[in-house]
Amino acid sequence: MDPLRQDEFDSQACGSIAPKAKPCPRPKPGEAVGGCSFDGAQITLLPIMDAAHLVHGPIACAGNSWESRGTLSSGPSLSQYGFATDLTDSDIIFGGEKKLKDSIDYIAGRFAPPAIFVYSTCVTALTGEDMDAVCKEAADRIGIPVIPVNSPGFVGSKNLGNRLAGDALLQYVIGTGEPEPETDLGVNLIGEYNIAGEMWDIEKLMNSAGIAVTSRITGDARYKEITWAHRARVNMVVCSRALLGLAKEMESRYGIPYFEGSFYGAKETTYSLRQMAYLMNDREMERRVDRLTEREEARLGQELRPYRKLLRGKRAVLYTGGVKSWSVISALKELGVQVVGVGTNKSTEDDVRRIADRVGDDTEYIPEGGASRIIKTVRERKADIMIAGGRNMYVAMKEQIPFIDINQERHKAYAGYEGLLRLAKELTYSLANPIWKLAASPAPWDKEAPPYDR
Amino acid sequence: MTVNRRKKPASVNPMKIGQSLGAVLALQGCYRAMPLIHGSQGCSAFPKALLTRHFREPIAVQTSALQEMDVIFDANRNLEEALNLVLSKHRPDIIGIIGTELTDVAGVDYQNMLKSYKRERNLRGGLAFSVVLPDFRGSLESGFSSTVEAMIDEMIQQVGHRGQRSVNARQITLLPGSFLTPADVMELKEIISSFGFEVIALPDISTSLSGHLLTGFSPLTRGGVPLDSMLQSLQSGLTIAVGGSMERPARRLHNAIGTPYKVFEGAMGLKATDELLHFLHQISGEPVPLRYCWQRENLLDGMLDAHFQFAGMSVVAALEPDHLHSVSGWLEELGVEQKALITSFETPLIAGMKREVWVGDLDDAEVLGKGADLWISNSHGIAGAQRTGAAFMPAGFPVWNELGAYMSVSVGYRGAMEWSNKAGNLFMQREAGSRESSVRHR
Ligand code: SF4
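Each protein sequence line maps, in turn, to chains S and L. Numbered by the working numbering, the letters in the first sequence go through residues 355 to 808 in order. Numbered by the working numbering, the letters in the second sequence go through residues 9 to 450 in order.
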C-alpha cells in the first residue's frame, strides 16, 4: 500500500487531514447512498479538459459514469471521451497490465493528449496489479505524463476520492512545470469544477478586479496550468473540504497562503475577493476590489428587489453533499429565504458550526441520507421548496414539492453576483409555476360525490 | 453474415453498459421490489443515477456497501446486514441480489448464503433470488434477461412442488426485452389483450417507469407486476417473448412446467407487426381489431409520403443486440442504406443476421459510419454524430437529451409510424439546414 493511502487508514480522516475531522462513517449496508471513491476522484480530475482519462477495470465503472457531470469546457473536449480498458474474463485471469499498457499507447498515439490519467477500480485494485509501475514505465516510453490515480471505489466515500485525486496532483503534477514568461501570477482556485460554467462567472469577476487566475484546480483547466500551480501567490479552496489537504500541503511545500471561501451569495463573494487581495498583499488591488464589490452589490441590490419581495419568508430544506451547505445558506438568507432543514451528513464539525451561525433555532439538522427523511422534514417544517441534488429530484416531483438542483448535474450557475440573481430567479420560477396548483387539483369526475358506496 | 471487431486495446466512448444495471432495470418492473447489488457503493450509485436520468423517475436500488476489508475478509456479513435492514425496514415482496464483478473476482459464495439465510429466517411469502452478473461479460441486455430467468427459476421452485398445474388458456405471459420502453410494453399488452387474452408482463415497467403520480414515498419500486400476478403467470397457456435475449427465460418456463412459447425477435416495423398480429389472430380465432387494420393503412400511407425523404440516405446505428436487430429490420423497410451497424456484444441473434455487424463502441460508429446522414444511438452519441455531421436520433439507453423518450413507442404499426416520422423529419430539417447555409451573404 502506498504511503498516501496508509495515512488514510491511520487517521481515518475523511476528506481532511485536520485532526478535528470526524472519522469517515462506514457506509451502512442496505442503506448506503452516494458514489464511490473512484467517482470522487473522477469529479476532481475530469475537468482537466485536454487530458485523457482512462478507467482501468471492467466496463461498468466507466460505462455508467461518463458524461454524467455538468462540468463545461471552453475548448478541448478530450476529457469528455469515455476511455476504458474494458476488462473481460480472460483479462482477469491472465492479468490486465498488458491491456492497460496497450491502451495507454493507443490513446497517446491517436489523441496525443498532454497527459493521461489512469484510474484504478475495485477489481484492478483487488487483483493486485501494479498500476503505478505500468504508468511509470509508459510515461518514460511515450514521453508524456501518465498519472496513476489510486482511488478504487471500495476504499470509501466520494469525498475520500476527491482527496486521493488531490494527492495524485500533488505527487505527479503540481511543481512539474513552469509558467510561460508572460503569465500574470495570482490565485489558484481549488475545488471549483466549472459546473454549469460557474468558473467563467468567477473568473470574469476576478479579472475585473485585476486578479489573475494562475491554475484552475480543476474547472475548465488545461493540464499545463496545473503543473505550475506552485507559482501562485494565493490558494483559495472553493467549497471543497476534501481538497483542503492539498492547500495545506502547498503552503508547507511552497509557502503559498490559502483561505477557504465561497462564491455563493453576494457577501461570501465579496469576502472571497477581499481575501484574495489581502493575501496578495497589494493595496492597489484591495482598493480595486472594494470599488468593484461596492458597485456590484449595489447593482445586484437593485436587480434583486422584485425577487426579494416574492421570496421573503419562504421556507426551504437544503440537502446537499456537493457544495458547502453553509455558503448556500448565506446566499438564501440574502434573498430572504429561511432554511428550516439542512443536511449535515457530509459536513465536518467546522461546517456544522458555520451552519449553526447562520440558521435559526428551529432549523432541523438532517444527519443521514435517505429521501424519506428529507421529505419528512419538508412536511413537518412546512417548507415551500427543496434544494438538493439530482438524485432526489424526482422523489420531490412525486411528492409535488418545488425543487432546485444544486449539485454537479445541474445546468444553472449560481456563483458570484450574477449567480445569486440567477438563483433568485430560479427560486421564483419554481415556486410560481402553475404545475403545483394543477397537479394538486383532482380530475372533475373525482370531485363529484362517488356514484356508489366505495 | 459476419460479426467483426476493430482491433484496438481500449474501449473508446463505450456503449456497453454493466450487466448489473440491466438487473436493476428488470426489477423496477416488479411491484414492491428491491434490487440489492452485492458490491461497493459506487456499483449501485452509478446505475441509480443513470436510470434516474433516463426515466426521470426515482429508482429503487440498494447495496451491500462493501469496503476493501469486507471484500478481503467477509463480504457476506455485509450482505446479511443489508438483508436484515431491508427486510425489517421496508418489507419488500421481492429481493433480487445482484452479484458484481467484485464478488465474482473475490469468489464470494452468496448463493449458498442466501439459501441458508432463507432457511434460518424462515423466509416465506416473498421472492428472494440471486443472480451472478459480473460486468466483464455481456451488457445491459444480458443482465436484464438473466435476471428475469433467475426470477422465473425462483418462482417455479416456490410453487413447483404444489403438484399439477392448472392451465389458463386465455392467459399469456409476456416477456418483454430490455430494449422496450414502458410505452412499448404498454402497447404490446394492449395488442395482445385486444384479442381477448389476459396478459401478465414479466417484468412490467409500463406501470412503474411510465411516469405516474403515485404519492407516498417508498424506497421500494412503486409499480410493476405484483408478486401474486407473477406467480399466477405460471398458469399461462402460452409465453410470448419479445427479443432474442428473452428466449432463454421462455425456454426455462417451458422446460420446467411445459408452457409453450413463441419468440418474436422484435415487433418493430410492418413485417414484424404483421407477424405478431397474424399469430395472435390464429391462436385466438378472433379477427384483427379494426384499429390495427387502420393503423396498418396509416403506416403504409405514411411510408409512401416519406419515401422521398429516405431515398439515397444512409444510417449508422449503434444499439444493444436485440434492439439493433429490430431497428435494422425497420431500416430495411425504409429503403435506406445501412452504412454501419454496431452493437455491444455478440449474441446468437446478431451472429445470425444477414448483415455485417460490428461489436464495438461509439468510436467505431464514428469511424465506420463516416458520411452517414443519420445516427441512431443512446445520448452518448451526440458528440460523435456532430463530429461526423449526421443528424442525431436518440434511442436505446440512456437517453437524456429528449423529454419523454421513455414514453415513445417503437413497436406495432404505431411505433413504426412514430419512428419513420421522426427519422423523416430529421432528414427534412437537415436538408433545410444545408439549404440555409448555402445562401451566400454579401
Ligand atoms: S465501487 Fe468499484 S467497481 Fe463499483 S463503480 Fe466504483 S470503482 Fe467501479
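Cβ atoms here follow ideal geometry from the backbone N, Cα and C, with glycine treated the same way. Note that this is a predicted model, so its numbers are computed, not measured.
Delimiting residues of the beta strand (DSSP E) encompassing residue i
| i | result |
| --- | --- |
| I881(S) | What is shown of chain S runs 355 to 808, which leaves residue 881(S) out entirely. |
| V139(L) | L135 to V140 |
| G545(S) | V541 to E546 |
| Y269(L) | Y269 to F272 |
| I103(L) | I102 to G107 |
Boundaries of the alpha helix (DSSP H) in which residue i is found, first to last residue
| i | result |
| --- | --- |
| V643(S) | R637 to L665 |
| W420(S) | Taken as a continuous stretch (DSSP letters only), W420(S) belongs to no alpha helix (DSSP H), as it is neither H nor E. |
| S28(L) | Q27 to Q36 |
| W680(S) | S679 to E688 |
| L188(L) | That residue, L188(L), is in no alpha helix (DSSP H); it is neither H nor E in DSSP. |
| T530(S) | Segment: none, T530(S) is in no alpha helix (DSSP H) and carries neither H nor E. |
| I358(L) | P356 to A359 |
beta-carbon residue i near the ligand SF4 non-hydrogen atom, thresh 6 Å
| i | result |
| --- | --- |
| G394(S) | no |
| G379(L) | no |
| C38(L) | no |
| G436(S) | no |
| C390(S) | yes |
| S616(S) | no |
| G515(S) | no |
| T717(S) | no |
| G507(S) | yes |
| S48(L) | yes |
Which of helix, strand or coil DSSP assigns to residue i
| i | result |
| --- | --- |
| E802(S) | coil |
| W302(L) | helix |
| L339(L) | helix |
| I549(S) | strand |
| K430(L) | helix |
| I720(S) | strand |
| S334(L) | helix |
| D759(S) | strand |
| L312(L) | helix |
| Q243(L) | helix |
| N120(L) | helix |
| P17(L) | coil |
| R628(S) | helix |
| N12(L) | strand |
| P257(L) | helix |
| A177(L) | strand |
| S226(L) | coil |
| F405(L) | coil |
| E345(L) | strand |
| A797(S) | coil |
| C390(S) | strand |
7 Å Cβ cutoff met for residue i and residue j
| i | j | result |
| --- | --- | --- |
| A519(S) | L432(S) | no |
| A403(L) | A380(L) | no |
| G185(L) | G251(L) | yes |
| T439(S) | S419(S) | no |
| A493(S) | P499(S) | yes |
| G564(S) | M639(S) | yes |
| A575(S) | I402(S) | yes |
| T281(L) | L261(L) | no |
| V175(L) | G274(L) | no |
| G241(L) | L210(L) | Reading off the sequence shown, one finds Ser at residue 241(L), where the question assumed Gly. It is a contact, given that the beta carbons lie within the stated cut-off. |
| A596(S) | N516(S) | yes |
| F437(S) | A83(L) | no |
Min CB distance residue i to chain C below 7 Å
| i | result |
| --- | --- |
| I729(S) | Considering every chain present, this structure includes no chain C. Its protein chains are S and L. |
Problem set entry | Residues within the segment 430-445 of chain S neighbouring chain L, beta-carbon criterion of under 8 Å | For the segment 430-445 of chain S, which is checked against every Cβ of chain L, the residues closer than 8 Å are S431, Q434, Y435, G436, F437, A438, T439, D440, L441, T442, D443 and D445.
Exercise for the section: Closer than 8 Å, Cβ to Cβ, to anything on chain L: give me those residues from the segment 784-806 of chain S, in chain order. Expected result: For the segment 784-806 of chain S, the residues whose beta carbon sits under 8 Å from a beta carbon of chain L are, in order, A793.
| the segment 384-399 of chain S: which residues have C-beta closer than 8 Å to a C-beta of chain L, in chain order? | Cβ contacts with chain L come from G384, E385, A386, V387, G388, G389, C390, S391, F392 and D393.
(Q) Counting only Cβ-Cβ distances shorter than 9 Å, please list the residues of the segment 446-460 of chain S near chain L, keeping chain order. (A) From the segment 446-460 of chain S, only I446, K452, K453, L454, K455, D456, S457, I458, D459 and Y460 have a Cβ closer than 9 Å to chain L.
Check each residue of the segment 464-484 of chain S: if its Cβ is closer than 7 Å to any Cβ of chain L, include it; give the result in chain order. Listed in sequence order: C476, V477, L480 and T481.
- Item | Selection of the segment 43-74 of chain L by Cβ proximity to chain S, strictly under 8 Å | Within the segment 43-74 of chain L, those residues whose Cβ lies closer than 8 Å to any Cβ of chain S are, in chain order, L44, G47, S48, Q49, G50, C51, S52, A53, F54, P55, K56, A57, L58, T60, R61, R64, E65, P66, Q70, T71, S72, A73 and L74.
Residues, ordered as in the chain, of the segment 735-763 of chain S that lie near chain L by beta-carbon distance below 9 Å: With the criterion set as a beta carbon lying under 9 Å from some beta carbon of chain L, the members of the segment 735-763 of chain S are G744, R745, N746, M747, Y748, V749, M751, K752, E753, Q754 and E763, in sequence order.
>> At a CB distance below 9 Å, what residues from the segment 18-32 of chain L approach chain S? Give them in sequence order.
In response: Per Cβ criterion, the list reads A18, S19, V20, N21, P22, M23, K24, I25, G26, Q27, S28 and L29.
What residues in the segment 636-670 of chain S bring their beta carbon closer than 7 Å to a beta carbon of chain L? Of all residues in the segment 636-670 of chain S, none has a Cβ within less than 7 Å of some Cβ in chain L.
**OP:** Using a Cβ-Cβ cut-off of less than 8 Å, give me the residues of the segment 703-727 of chain S that come near chain L, in sequence order.
**Re:** So the list reads G724, A725 and S726, given in the order they occur along the chain.
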